[in-house]
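Notes for the one structure printed next.
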Amino acid sequence: MPALHHTPVAGLSALLTAGELSSVELTRHFLDRIERYQGELNAFITVTPERALADAAAADARRRQGDASPLTGIPYACKDIFCTRDVLTTCGSKMLANFVAPYESTATARIADAGAVLLGKTNMDEFAMGSSNESSFFGSVGNPWNIDCVPGGSSGGSAVAVAAGLAPLATGTDTGGSIRQPAAFCGISGLKPTYGRVSRYGMIAFASSLDQGGPMARGVEDLGLLLGVMAGFDAADSTSSDANEDWLAGLREGRMPAAEPLTIGLPKEYFDGLGAAAASLDEARRVFEARGYRVREVSLPHTEPAIPVYYVLAGAEASANLSRYDGIRFGHRADNPHDVRDLYVRSRSEGFGAEVKRRILTGTYALSVGYYEAYYQKAQRVRRLIQQDFLRAFGDVDILLTPTAPGAAFRRGELTRDPVAMYQQDVYTTPVSLAGLPALSLPCGFVDGLPLGMQLIAPHFREDRLLAAGLDFQHDTDWHHRHPEGWQ
Amino acid sequence: MTTWEPVIGLEVHVQLATKSKIFSGAATRFGAAPNAQACAVDLGLPGTLPVLNADAVRMAIMFGLAVDAQINLNSVFERKNYFYPDLPKGYQISQFAIPIVGMGTLHIPGQDGKPLAVRITRAHLEEDAGKSVHDVLPGLSGIDLNRAGTPLLEVVSEPDLRNAADAATYFRTLWSLVRSLGICDGQLQEGSMRCDANVSVRPVGASEFGVRTEIKNINSFRFVERAINYEIERQIDVLERGGSIQRETRLYDAERNETRTMRLKEDSEDYRYFPDPDLLPLSLDAAYIEAVRDAMPELPAARAARYERTHAIAAGIATALAEDPDVAAYFEAACVPGAEPKVVANWIVNDLAGRLNSESRAIAASPVTPQALGTLAARIADATLSSKTAKTVFDRLWSEGGDVDAIIDAAGLRQLDDREALAVLVRDIVDANPNQVAQYQAADKDKRKKLKGFFVGQIMKRTEGKANPKTVDELLIGALEAP
Chain A
0 MPALHHTPVA GLSALLTAGE LSSVELTRHF LDRIERYQGE LNAFITVTPE
50 RALADAAAAD ARRRQGDASP LTGIPYACKD IFCTRDVLTT CGSKMLANFV
100 APYESTATAR IADAGAVLLG KTNMDEFAMG SSNESSFFGS VGNPWNIDCV
150 PGGSSGGSAV AVAAGLAPLA TGTDTGGSIR QPAAFCGISG LKPTYGRVSR
200 YGMIAFASSL DQGGPMARGV EDLGLLLGVM AGFDAADSTS SDANEDWLAG
250 LREGRMPAAE PLTIGLPKEY FDGLGAAAAS LDEARRVFEA RGYRVREVSL
300 PHTEPAIPVY YVLAGAEASA NLSRYDGIRF GHRADNPHDV RDLYVRSRSE
350 GFGAEVKRRI LTGTYALSVG YYEAYYQKAQ RVRRLIQQDF LRAFGDVDIL
400 LTPTAPGAAF RRGELTRDPV AMYQQDVYTT PVSLAGLPAL SLPCGFVDGL
450 PLGMQLIAPH FREDRLLAAG LDFQHDTDWH HRHPEGWQ
Chain B
0 MTTWEPVIGL EVHVQLATKS KIFSGAATRF GAAPNAQACA VDLGLPGTLP
50 VLNADAVRMA IMFGLAVDAQ INLNSVFERK NYFYPDLPKG YQISQFAIPI
100 VGMGTLHIPG QDGKPLAVRI TRAHLEEDAG KSVHDVLPGL SGIDLNRAGT
150 PLLEVVSEPD LRNAADAATY FRTLWSLVRS LGICDGQLQE GSMRCDANVS
200 VRPVGASEFG VRTEIKNINS FRFVERAINY EIERQIDVLE RGGSIQRETR
250 LYDAERNETR TMRLKEDSED YRYFPDPDLL PLSLDAAYIE AVRDAMPELP
300 AARAARYERT HAIAAGIATA LAEDPDVAAY FEAACVPGAE PKVVANWIVN
350 DLAGRLNSES RAIAASPVTP QALGTLAARI ADATLSSKTA KTVFDRLWSE
400 GGDVDAIIDA AGLRQLDDRE ALAVLVRDIV DANPNQVAQY QAADKDKRKK
450 LKGFFVGQIM KRTEGKANPK TVDELLIGAL EAP
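Top line first, the protein sequences correspond to chains A and B.
Using numbering that gives the first Met the number 0, you'd call the opening residue of the first sequence number 0 and step up by one each time.
Using numbering that gives the first Met the number 0, you'd call the opening residue of the second sequence number 0 and step up by one each time.
In structure tokens:
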């Protein structure tokens with residue numbers, strides 16, 4: 000039998016149901032591991048042991064009463080971007096280093112309702128802006144496969160918590176790749192749901208038209224369990240969808256969607272010049288083909304402008320979303336301001352890190368008189384073209400298969416001085432975000448001892464296809480069962 | 000010398016009378032303790048999201064229909080970005096490129112006596128900001144976010160107004176309209192309607208507009224007229240002395256009756272409007288708009304026309320009754336059986352309105368109930384009261400309240416209408432004044448009317464004013480003109 004921290008959630012759930020294990024014991028196991036490895040990995044910003052043990056005891060009682068869902072008593076780690084009542088929510092920023100929300104995000108409230116146990120809040124790039132977790136005010140995070148490498152970002156802490164066995168499940172958020180790329184870099188599975196699938200209420204905004212919360216776990220089945228709980232209409236989020244498919248309801252009871260072998264499209268623009276990952280992707284394709292999936296090439300001609308379009312739009316939205324951090328009502332406030340302007344300027348200058356400032360500035364620029372048409376409006380037009388590319392491709396194929404990132408994890412510090420090179424990390428993930436589509440990143444191989452990820456993309460609200468195909472793939476491969484050494 | 004023509008357009012912020020805020024569930028009551036009505040959304044806490052209040056949308060549609068405006072089936076909420084301590088999110092959610100209400104018309108009575116159609120450019124939904132408080136905490140400024148998120152409908156007129164009196168009438172007509180629609184409580188002193196006036200002047204006959212200034216936040220009908228008149232004169236004065244008008248925002252100081260520079264438009268900010276990604280475009284279906292139209296209450300103009308038509312009430316009085324829904328409701332309640340609506344109307348716009356004004360009371364808080372005033376009018380109609388004794392009863396009603404008939408009996412005010420008794424009295428008076436009778440009989444028709452007053456006076460004196468003047472008049476004419 001594998002160690003508890005290598006056991007899938009369904010297995011843990013079965014142990015809890017059989018009474019062979021209590022949630023308190025399970026929670027202690029993970030809390031111990033966090034205590035042991037947090038110093039090296041820095042995956043957490045806040046650990047909540049007392050609350051976790053109390054929640055675990057409550058979950059055990061609930062299970063005894065026969066009122067358990069598959070997640071009842073299962074510990075999880077939460078990205079520090081979801082507001083949690085009475086627990087610090089920093090968003091990786093000095094600006095919110097003292098912020099305790101008086102309310103709970105819809106996603107975490109639903110997870111708590113299912114009985115899952117919050118272990119703590121995970122490290123992340125400041126305000127989710129970054130692809131390496133190096134912009135966090137609370138320090139960078141080590142990749143458990145190679146501590147000198149980044150874990151990816153912005154949900155780097157969550158990816159590391161799962162990969163190193165500090166939590167069986169974690170929440171992440173994805174604006175331009177922030178679930179998928181760290182999942183790929185850490186050798187775990189991560190799902191960015193369709194925009195509107197998971198409520199954004201209480202999830203601190205980076206770019207509102209792109210932000211989407213989602214699950215991170217070792218395998219696809221665990222993703223399905225957590226997605227089932229997180230997803231669903233929320234009246235508090237006007238952009239949340241009221242789509243409630245049968246398969247989604249099934250997820251909550253632990254039933255995974257199944258599908259006949261699908262037709263997979265390989266967008267040729269995503270494979271041009273692909274380096275070390277090409278061989279792994281090729282192998283993945285053969286795994287699908289062996290299962291009866293059909294594979295054909297498709298074209299997404301507007302792939303190239305996706306990164307500039309993304310950085311214009313995400314920056315523009317962020318520039319407004321981050322205006323509320325003004326030192327007036329909450330968060331960091333400069334000492335002894337001599338007037339309101341000074342209060343604003345110094346609170347914001349001190350509270351935000353360099354990457355956040357860079358994006359606020361570029362976003363403000365893109366919205367300014369004289370540039371609005373050339374940048375913001377043009378980017379919106381191209382965004383529609385990118386969306387149309389995907390819709391056209393989905394006329395011919397069921398899902399798309401692409402790499403998740405250009406390569407494996409890079410070394411810490413390697414790209415920090417070159418933001419544009421850093422932004423290239425998002426080349427395969429931002430088009431999907433701009434189109435609002437669901438996408439799944441799965442581990443599909445290694446290069447130089449570091450995991451590689453592949454991305455499956457489906458039409459809007461067709462996460463069921465991703466889960467079914469992902470399950471098929473993981474049935475025939477064991478990449479998701481590989482564990483980094485040194486964290487036993 | 001140049002003759003100048005003022006050009007005026009108004010922007011009026013109408014606070015919509017929804018129970019909760021435009022994007023949150025917090026209450027909108029006026030006068031609560033600071034920040035007692037501000038929830039996480041109003042405070043702009045991280046992660047909170049706006050959800051549009053459907054009632055605010057319904058009210059905006061009602062307004063649009065009332066001014067025959069185009070209702071845009073698709074409109075967009077945008078973010079207007081600027082930093083201010085009482086603006087919690089650092090942006091205001093407003094409508095910019097596509098407002099919910101497009102071009103419409105408000106009909107007002109012009110100063111020259113002719114009806115005037117003032118075009119309404121647009122009306123858009125937006126959230127109000129909070130309030131900075133500088134006089135409560137020594138050495139500190141306070142922020143009260145109770146008002147933050149209160150729904151506003153900003154009604155923008157075309158520059159169709161040509162004098163301050165018409166501008167004030169426009170503001171007043173708008174006030175009347177939104178109150179009659181039930182979409183605003185109309186409490187000007189509480190800021191429920193705030194007016195910004197754009198004013199410029201140009202030589203009569205010029206086709207171009209002059210440079211305009213904007214006077215901010217005027218909150219009374221009187222101040223609108225005064226502020227604009229001041230500003231017109233100021234601009235003419237500047238131009239006639241060879242100066243030029245600056246594009247600027249000015250504040251009206253009611254105490255000194257002057258406008259002062261607040262900020263120049265050159266340093267006005269770039270608000271970087273863009274569609275709010277937290278809110279989907281507002282999309283309405285035609286059936287919903289028709290449902291709102293079907294549920295529209297009677298509008299002031301239609302109501303005034305109805306009063307004129309069914310009660311033969313003069314246009315001016317009908318308008319005065321109809322423009323304020325509280326007054327209209329009072330009038331309709333006062334038209335009890337036996338009361339002459341025309342008489343009721345006159346009592347309301349003269350005696351009652353005068354007393355209410357002098358004591359600054361709202362008609363809803365009138366000590367004289369509509370039923371009492373209606374009964375009073377009925378007692379005039381059935382000749383129990385004369386107009387003189389009716390005023391005495393009215394005074395009693397005002398100061399003590401009570402039942403009209405009880406007051407009449409207690410004070411012995413019942414009108415003397417016993418024809419035989421009055422005839423005896425008339426005979427006595429005529430007999431006692433032979434000189435006046437001779438004068439009367441020698442006088443022509445016009446003079447006779449005046450001379451008759453002497454006899455009426457004598458009779459009223461003897462009856463303590465209780466004699467029915469109509470009966471007295473008939474008896475007098477009979478007695479004086481008898482051969």
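Cβ atoms here follow ideal geometry from the backbone N, Cα and C, with glycine treated the same way.
- Residue contact check for glycine 63/B against chain A: no CB pair falls below 9 Å.
- Proline 369/B is outside the set of residues whose beta carbon lies under 9 Å from a beta carbon in chain A.
- By the Cβ criterion, the segment 70 to 88 of chain B is not in contact with the segment 225 to 234 of chain A, since fewer than three pairs of Cβ atoms, one from each stretch, lie closer than 8 Å.
- Residues of chain B with a Cβ closer than 7 Å to the Cβ of glycine 201/A are, in chain order, Gly46.
- Runs of the beta strand (DSSP E) spanning 3 or more residues and lying entirely within the segment 128 to 181 of chain A occur at 168 to 173, in chain order.
- The beta-carbon of asparagine 145/B is placed no less than 9 Å from the nearest beta-carbon of chain A.
- Residues of chain B with a Cβ closer than 9 Å to the Cβ of proline 450/A do not exist; the shortest Cβ-Cβ separation is about 31 Å.
- Around alanine 407/A, the same chain offers Val446, Leu449, Leu451 as residues with beta carbons nearer than 6 Å, after the five sequence neighbours per side are excluded.
- Glutamine 234/B has its alpha-carbon roughly 22 Å from the corresponding atom of valine 11/B.
- For proline 276/B, the nearest beta carbon of chain A is closer than 9 Å to its own beta carbon.
- Proline 84/B reaches chain A at Ile327, Val339, counting residues in chain order whose Cβ is nearer than 7 Å.
- Between threonine 45/A and the set Thr89/A, His5/A, Asp66/A, the nearest pair of CA atoms involves Thr89/A.
- Within the same chain, Thr193, Gly435, Leu436 come within 7 Å of histidine 459/A by CB-CB distance, once the 5 residues on both sides are set aside.
- In chain A, no part has a C-beta under 7 Å from the C-beta of proline 150/B; the shortest such distance is about 16 Å.
- Nearest CB-CB separation between aspartate 284/B and chain A: not below the 9 Å threshold.
- Scanning the segment 294 to 376 of chain B for uninterrupted alpha helix (DSSP H) segments of 4 residues or longer gives 299 to 310, 314 to 322, 324 to 333, 340 to 346, 352 to 357, listed from N- to C-terminal end.
- Exclusion of the five residues before and after alanine 327/B leaves Arg302, Leu320, Ala321 as the residues of its chain whose Cβ lies within less than 7 Å of its Cβ.
- Annotation: the continuous alpha helix (DSSP H) that includes histidine 474/A extends over 462 to 475.
- Between isoleucine 178/A and valine 161/A the beta-carbon gap is near 11 Å, outside 8 Å, which marks them as no contact.
- Cβ-Cβ distances below 6 Å link proline 167/A to Val8 in the same chain, with the five nearest sequence neighbours on each side left out; the list follows chain order.
- Under the 8 Å Cβ criterion, the segment 268 to 278 of chain B counts as touching the segment 353 to 373 of chain A, having at least three qualifying pairs.
- Counting C-beta pairs closer than 8 Å gives fewer than three between the segment 308 to 326 of chain A and the segment 48 to 63 of chain A, which falls short of the contact rule.
- What alanine 55/B touches in chain A, judged by beta-carbon distance under 8 Å, is nothing: the nearest beta carbon there is about 14 Å away.
- Approximately 5 Å separates the beta-carbon atoms of alanine 378/A and leucine 312/A; this is inside 8 Å, confirming the contact.
- Rounded to whole angstroms, the Cβ separation of leucine 415/B and valine 392/B is 16 Å, and the two are not in contact under 8 Å.
- For alanine 234/A, the three-state secondary structure derived from DSSP is coil.
- Assigned with DSSP and collapsed to three states, proline 114/B falls in strand.
- Within the segment 175 to 188 of chain A, no residue has its Cβ closer than 7 Å to any Cβ of chain B.
- Secondary-structure assignment with DSSP links tryptophan 3/B through a beta bridge to Pro202/B.
- In this chain, the alpha helix (DSSP H) harbouring threonine 391/B covers 386 to 399.
- Listed in chain order, the positions of the segment 343 to 363 of chain A with a beta carbon within less than 8 Å of a beta carbon of chain B are Tyr343, Thr363.
- Within the segment 312 to 323 of chain A, the residues whose Cβ lies closer than 7 Å to some Cβ of chain B are Ala315, Glu316, Ala319, Ser322, Arg323, listed in chain order.
- Under the DSSP assignment, alanine 17/A falls in the alpha helix (DSSP H) whose first and last residues are 8 to 17.
- As DSSP reads the structure, tyrosine 90/B sits in a beta bridge with Asn80/B.
- Using a Cβ-Cβ distance cut-off of 8 Å, the segment 202 to 218 of chain B and the segment 249 to 265 of chain B are in contact, since at least three pairs of beta carbons, one from each stretch, lie closer than that value.
- The beta carbon of aspartate 236/A falls within 9 Å of a beta carbon belonging to chain B, placing the residue at that interface.
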